[in-house]
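A.B. asks:
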Amino acid sequence: MKHLKKITLVLMATLTFSCSKDDDGDTPPEPTYDVYVAGYEDNGNNYVAKLWKNGTPENLSDGSHNAYANSVYVSGADVYVAGFESNGSVSVAKLWKNGIAQDLSDGSHNAYAYSVAVSGDDVYVAGHERNGANNVAKLWKNGIAQDLSDGSHNAYAYSVAVSGDDVYVAGHERNGANNVAKLWKNGTPENLTDGSNAASAYSVAVSGADVYVAGYEYNGADDVAKLWKNSEAQNLSDGSNDAYAYSVYVSGDGAYASGSESNDSTSVAKLWNLPAGEAGSGTSENLTDGANDAYTWSVYVSGDDVYVAGTESNDSTNVAKLWKNGTPQNLTDGENYAEAISVFVAQTVE
0 MKHLKKITLV
10 LMATLTFSCS
20 KDDDGDTPPE
30 PTYDVYVAGY
40 EDNGNNYVAK
50 LWKNGTPENL
60 SDGSHNAYAN
70 SVYVSGADVY
80 VAGFESNGSV
90 SVAKLWKNGI
100 AQDLSDGSHN
110 AYAYSVAVSG
120 DDVYVAGHER
130 NGANNVAKLW
140 KNGIAQDLSD
150 GSHNAYAYSV
160 AVSGDDVYVA
170 GHERNGANNV
180 AKLWKNGTPE
190 NLTDGSNAAS
200 AYSVAVSGAD
210 VYVAGYEYNG
220 ADDVAKLWKN
230 SEAQNLSDGS
240 NDAYAYSVYV
250 SGDGAYASGS
260 ESNDSTSVAK
270 LWNLPAGEAG
280 SGTSENLTDG
290 ANDAYTWSVY
300 VSGDDVYVAG
310 TESNDSTNVA
320 KLWKNGTPQN
330 LTDGENYAEA
340 ISVFVAQTVE
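Under numbering that gives the first Met the number 0, the residue at position 29 of the sequence shown is numbered 28, and the numbers go up by one with no gaps.
1) Does the beta-carbon distance from S88 to Y111 come in below 8 Å?
2) Would you mind sorting Q233 into buried or exposed? The rule is 16 or more other CB atoms within 10 Å of its CB.
3) Buried or exposed, going by whether 16 or more other CB atoms sit within 10 Å of the CB of A180?
4) Relative to the C-alpha of S297, which residue among V168, E334, S315, V344 is closest?
5) Contact between the region 204 to 217 and the region 234 to 248: three or more CB pairs below 8 Å?
6) Does the beta-carbon of I340 have 16 or more other beta-carbons within 10 angstroms, so that it is buried, or is it exposed?
7) To the nearest angstrom, how far is the alpha carbon of T331 from that of S60?
8) May I ask which residues mark the beginning and end of the beta strand (DSSP E) holding E189?
9) Mind checking whether A347 and D33 have CB atoms under 8 Å apart?
10) Could you tell me the distance, in whole angstroms, from the CA atom of N86 to the CA atom of S239?
11) Going by C-alpha to C-alpha distance, which of S236, G175, D25, K320 sits closest to L226?
12) Distance, Cα to Cα, A116 vs D165?
13) If G38 sits next to A319, beta carbons under 8 Å apart, how far is it from one beta carbon to the other, in whole angstroms?
14) Check the DSSP bridge columns for K99 and list the partner residues they point to.
15) Specify the secondary structure class of G309 as computed by DSSP and reduced to three states.
16) Using the rule of at least 16 other Cβ atoms within 10 Å of the residue's Cβ for burial, across every protein chain shown, is Y334 buried or exposed?
17) Grouping DSSP H, G and I as helix and E and B as strand, with all else coil, what is Y255?
18) Please report how far the alpha carbon of G276 lies from the alpha carbon of S261, in whole angstroms.
19) Would you decide whether T187 is buried or exposed? Buried here means 16 or more other CB atoms lie within 10 Å of its CB.
20) Whose C-beta lies closer than 8 Å to the C-beta of G194 among residues of the same chain, with five residues either side of it excluded?
21) Using a 10 Å radius around the Cβ and a threshold of 16 neighbouring Cβ atoms, would you call D120 buried or exposed?
22) Could I get the ranges of all uninterrupted beta strand (DSSP E) runs contained in the region 201 to 227, with 3 residues as the minimum, in chain order?
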C-alpha cells in the first residue's frame with residue numbers, strides 16, 4: 000500500500016509539473032519559415048536585380064545598368080545572391096551578401112555568376128568568364144577564382160553544391176561539334192554525355208552518396224529533359240517535344256526536378272516528382288495550362304511543401320511567378336518583364 004501511495008504521489012507531482020510548464024507557456028513555438036526568390040525585373044530602361052522575401056521585393060541594383068540575380072542561398076542570418084551586372088561595357092560577376100555587392104570579376108571581360116552555395120564559412124559561386132576567345136567555366140571560393148576548363152573551348156558552370164569536403168559543379172563544355180554535359184567534382188571533370196548530341200547540365204544536388212544532375216540531351220529530333228543519378232541517365236520526357244530540366248532538389252529518397260516542355264505551340268512549366276529517384280518511377284505535373292509560354296528555373300522542398308520559381312507570359316510580357324504545391328503566386332504585376340530564377344526556404348531567424 001505504501002508503495003502504491005508513493006507511485007501515486009510521484010505521478011501527481013509529475014502531472015502537476017507538466018501542467019505547470021504548459022500553463023507557463025514554456026512549450027516551444029512552431030518554427031516559421033521565410034521564402035526567398037531571386038530574379039530580375041525591367042524598370043523601363045534596364046533590368047534590376049531583385050530579391051523577394053515572402054513576396055516583398057528588394058532591389059539589389061540601382062537600375063542604372065542591366066543586372067540579374069540568378070541564385071539565392073541562406074545561411075543563418077545571412078542571405079547570399081549570385082548574379083551579374085553590366086558596368087556599361089561588359090558584365091561583371093557579382094555576389095550580394097545581405098544586399099551588399101561584391102565584384103567577383105574585374106570588369107575587363109564578360110563574366111557571369113549563376114549559382115551560390117555556402118558551407119560553414121566558405122562561400123562558393125559557379126559561373127563563367129570570357130578569356131578573350133572563349134568562355135571559361137569558373138568556381139569562386141570566398142571570392143578567389145578557379146578555372147574549371149582550360150579555355151580551349153567554350154565552357155559554362157551553372158550550378159554548385161557542397162557535401163562535406165566535396166564541391167560539385169554542373170555545366171557543359173564544347174567538344175568542337177557539340178556541348179557535352181559535365182560534372183566537376185573538386186575540379187575534376189566527368190562527361191555525363193558522349194558528345195554525339197548537344198547536351199547540358201544545369202543543376203546539381205547531393206544527398207549522402209548520391210549525386211543528382213538535371214539537364215537535357217538532344218535525341219536527334221528534339222531535346223529530352225534528363226536526370227542523372229550517379230552518372231546514370233533517366234529521361235524525364237518522352238522525346239516527342241523539346242523539354243528541359245533546369246533544377247533538381249533531393250528530398251528524402253527521391254528527387255524533384257523543374258523545367259519546361261513544349262506542347263508544339265507554347266512552353267509549359269513542368270514539375271517532375273521522382274519518389275525513388277529511379278527510372279520509370281516518377282510522375283510529371285503541368286504547372287501551367289499551355290495557353291502562354293511558361294518556364295520554371297528552380298525547385299525547393301521544405302517539409303511537405305514544394306516551391307517552384309519561374310515565369311509566365313501574360314500575352315504582353317513575362318510575370319515572375321512562385322508556385323507553392325502547384326498554386327501560383329505572382330511576384331510582379333505584369334507591367335514590366337520579370338523572371339523569378341531561384342527559390343530558397345529558410346527557418347526564420349529571430
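We put the beta carbon where it would ideally sit given N, CA and C, even for glycine.
Source: prediction; values computed, not measured.
C.D. replies: According to the structure data:
1) What you label residue 88 is simply residue 89 of the sequence shown in a count that begins at 1. What you label residue 111 is simply residue 112 of the sequence shown in a count that begins at 1. Cβ distance not < 8 Å, so S88 and Y111 don't count as in contact.
2) As a working note, residue 233 is residue 234 in the sequence shown. By the 10 Å Cβ count, Q233 comes out buried.
3) Counting from one through the sequence shown, the residue named residue 180 turns up at place 181. Buried.
4) Translated into positions along the sequence shown, residue 297 becomes position 298. Per the Cα distances, V344.
5) yes
6) Sequence index remark: in the sequence shown, residue 340 carries index 341 (1-based). So I340 ends up on the buried side.
7) Residue mapping note: residue 331 aligns to position 332 of the sequence shown, counting from 1. Residue mapping note: residue 60 aligns to position 61 of the sequence shown, counting from 1. Looking at the two C-alpha atoms, the distance is approximately 17 Å.
8) Along the sequence shown, one-based indexing puts residue 189 at 190. It spans 187 to 190 - the beta strand (DSSP E) in which E189 sits, taken as one unbroken run.
9) The sequence position of residue 347 within the sequence shown is 348, counting from 1. The sequence position of residue 33 within the sequence shown is 34, counting from 1. Note on residue identity: the sequence assigns Thr, not Ala, to residue 347. Contact: yes.
10) Position 87 of the sequence shown, counting from 1, holds the residue named residue 86. Position 240 of the sequence shown, counting from 1, holds the residue named residue 239. If you take the alpha carbons of N86 and S239, they lie about 42 Å apart.
11) The residue given as residue 226 occupies position 227 in the sequence shown. The shortest C-alpha separation from L226 is found at S236.
12) Your numbering for residue 116 matches position 117 in the sequence shown. Your numbering for residue 165 matches position 166 in the sequence shown. Between A116 and D165, the C-alpha separation is close to 12 Å.
13) Along the sequence shown, read from residue 1 onward, the residue named residue 38 stands at position 39. Along the sequence shown, read from residue 1 onward, the residue named residue 319 stands at position 320. Their Cβ separation, rounded to whole angstroms, is 5 Å, which keeps G38 and A319 in contact under 8 Å.
14) To locate residue 99, count along the sequence shown from 1; it is residue 100. The sequence shown places Ile at residue 99, not Lys. Note: I99 sits in a beta bridge opposite K96.
15) Locating residue 309 in the sequence shown gives position 310, where the first residue counts as 1. In this structure, G309 counts as strand in the three-state DSSP scheme.
16) The residue you call residue 334 lines up with position 335 of the sequence shown. Checking the sequence, you will find Glu at residue 334 rather than Tyr. When all chains shown are included, E334 counts as exposed.
17) The residue given as residue 255 occupies position 256 in the sequence shown. Note: Y255 maps to strand in three-state DSSP.
18) By 1-based counting over the sequence shown, the position of residue 276 is 277. By 1-based counting over the sequence shown, the position of residue 261 is 262. Confidence is the limiting factor: at G276 the pLDDT is only 46, short of 50, which leaves the residue's position unreliable, though a coordinate-based value still follows. The alpha-carbon atoms of G276 and S261 are separated by roughly 24 Å.
19) As a position in the sequence shown, residue 187 is number 188, starting the count at 1. With fewer than 16 other Cβ atoms within 10 Å, it is exposed.
20) The residue labelled residue 194 in the question sits at position 195 within the sequence shown. Answer for G194: N174, A176, N177, V179, listed in chain order.
21) Locating residue 120 in the sequence shown gives position 121, counting from the first residue. With fewer than 16 other Cβ atoms within 10 Å, it is exposed.
22) 209 to 217
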